[in-house]
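One structure is given below, encoded as structure tokens.
Protein chains in written order, with the working numbering: chain U, 30 to 223; chain R, 2 to 236.
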């Protein structure tokens, strides 16, 4: 089930062609404004979803390209962020499911060694590596909830699933993260919030 | 999980994503707009190319048939050239026309012209949606014509993989239809529910459908085999 706002975000209208030059300029400017405002945030979300900046750039750029191709037909500009998140998540999850390009095997757990006083760099790397060992769908739930700060309902809308699924995936995802990181997660939480 | 836990985890995730050593973005506004326009042009060219091929095939058929007719011969040269010509073949193109239902599972797939198989695509880093493959998918599944592209990934395809992913509606059953072509030599391990077939170029075509909601019926899940069967000799 997808939220109505997402379904409405991109849809075909009867006559999508925009002939008026002034309107074309307005369309171009509004897209550029959105792009400049959201590029870094979309990159960060993509980075935690896939764990690699280069892949994150690929996914983020692809999402913006898809958005640009639909820009003139967008009715609900308030649903743009949700649409972008859904696009990113689906791209990353689909890529992870692709049989000929699997993600790094989870049999290679991240190095969970965390110094007693973990600095920010260690925090970042340990968590990112740990997230890569979490199943993609659960990882997406964790990223949307804790990086993007979405509540359960908004996460469900972004992922096209029920709120119950989000709750269970959150629990499973955190459990998986804790399995990979062990006590390091609690150490990191102390460090990250400190 | 308490609100405090959420706040701590949020701070941790934000710290992890705020990497001052991250590389500079490899794309900007202009590159996004350019890629969007290239994708649009590719799509238009693919559609136009498909129409030209159909016209050319029709033209060849007429030209070859005409001399036989002038000789007063009841048979045509085209018949053996285009054989095998089962009874259903003459109507096959009409089956694929808009409005006709070419979907009967178990029946022979619509017999569009099977020329040289597409084979591997370009190896550039590009939009994952492949216009030529989409044209073929639209031929066997007309509902795809009105379907929106699903999430795409700008990625490198060193072996020339092709892919089409569309948000599709099958009489209320909505979801994602994914069609992938893998070049020869690719090791394939299918995800549950996916259907594969060896292609004419020695590669593999994989067709899968996923519902928008867990537990709901996947769109066109009963047609995946016939879609793969249609695409295999054309890829």
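For glycine and all other residues, C-beta sits at the position ideal for the given N, C-alpha and C. Note that this is a predicted model, so its numbers are computed, not measured.
Counting only the same chain and skipping the five closest in sequence on each side, list residues whose C-beta sits under 8 Å from that of residue 205/U.
-> Within the same chain, residue 205/U has close Cβ partners 162, 163, 164 and 167.
Do we get a CB-CB distance below 7 Å when we pair residue 90/U with the residues of chain R?
-> It does; some Cβ of chain R falls within 7 Å.
Cβ atoms of residue 141/R and residue 165/R: under 7 Å apart, would you say?
-> Between residue 165/R and residue 141/R, the C-beta gap is not smaller than 7 Å, which leaves the two residues out of contact.
Have a look at the DSSP bridge pairing and note the partners of residue 209/R.
-> Residue pairing for residue 209/R: DSSP places it in a beta bridge opposite 179/R.
Which first and last residues belong to the alpha helix (DSSP H) in which residue 67/U is found?
-> Residues 50-79.
Residue closest to residue 149/R, alpha-carbon to alpha-carbon, out of 117/R, 9/R and 175/R | The candidate whose alpha carbon is nearest that of residue 149/R is 175/R.
Could you pull out every residue in the same chain whose Cβ sits closer than 8 Å to the Cβ of residue 196/U, ignoring the five residues on either side in sequence?
-> Only 181 meet the Cβ criterion.
What's the gap between the Cα of residue 226/R and the Cα of residue 82/U?
-> For residue 226/R and residue 82/U, the distance between alpha carbons rounds to 38 Å.
Residues of chain U with CB under 9 Å from residue 151/R, in chain order?
-> Within chain U, the residues near residue 151/R are 95, 116, 119, 120 and 123.
Are the C-beta of residue 33/R and some C-beta of chain U separated by less than 7 Å?
-> Yes, contact with chain U.
Terminal residues of the alpha helix (DSSP H) in which residue 86/U lies | Taken as a continuous stretch (DSSP letters only), the alpha helix (DSSP H) holding residue 86/U covers 82-99.
Kindly indicate which three-state DSSP category residue 219/R falls into: helix, strand or coil?
-> When DSSP states are grouped into helix, strand and coil, residue 219/R belongs to the coil group.
Enclosing alpha helix (DSSP H) for residue 209/U [first to last residue] | Residue 209/U -> alpha helix (DSSP H) spans 192-210.
Are the beta-carbon atoms of residue 151/R and residue 167/R separated by less than 7 Å?
-> Yes, they are a contact pair.
Out of curiosity, what's the CA-to-CA distance linking residue 1/R and residue 54/U?
-> Any answer about residue 1/R is impossible in this case: the structure gives chain R only from 2 up to 236.
Would a check of beta-carbon distances place residue 157/U closer than 7 Å to chain R?
-> At least one chain R Cβ lies under 7 Å of residue 157/U.
Chain-order list of residues whose beta-carbon lies under 6 Å from that of residue 75/U (same chain, five-residue window excluded) = Closer than 6 Å at the Cβ level, and outside the excluded window around residue 75/U, lie 85, 88, 89 and 117.
Beta-carbon of residue 141/U versus every beta-carbon of chain R: anything under 7 Å?
-> The predicted model places residue 141/U with a pLDDT of 37, which falls under 50 and marks its position as unreliable, so this point remains unresolved.
Round the Cβ separation of residue 186/U and residue 111/U to the nearest angstrom and send it over; I've been treating them as touching at under 8 Å.
-> So it is a contact: roughly 6 Å between Cβ atoms.
Contacting residues, own chain, Cβ-Cβ under 7 Å from residue 30/R (five flanking each side not counted) = Nothing listed; no residue qualifies.
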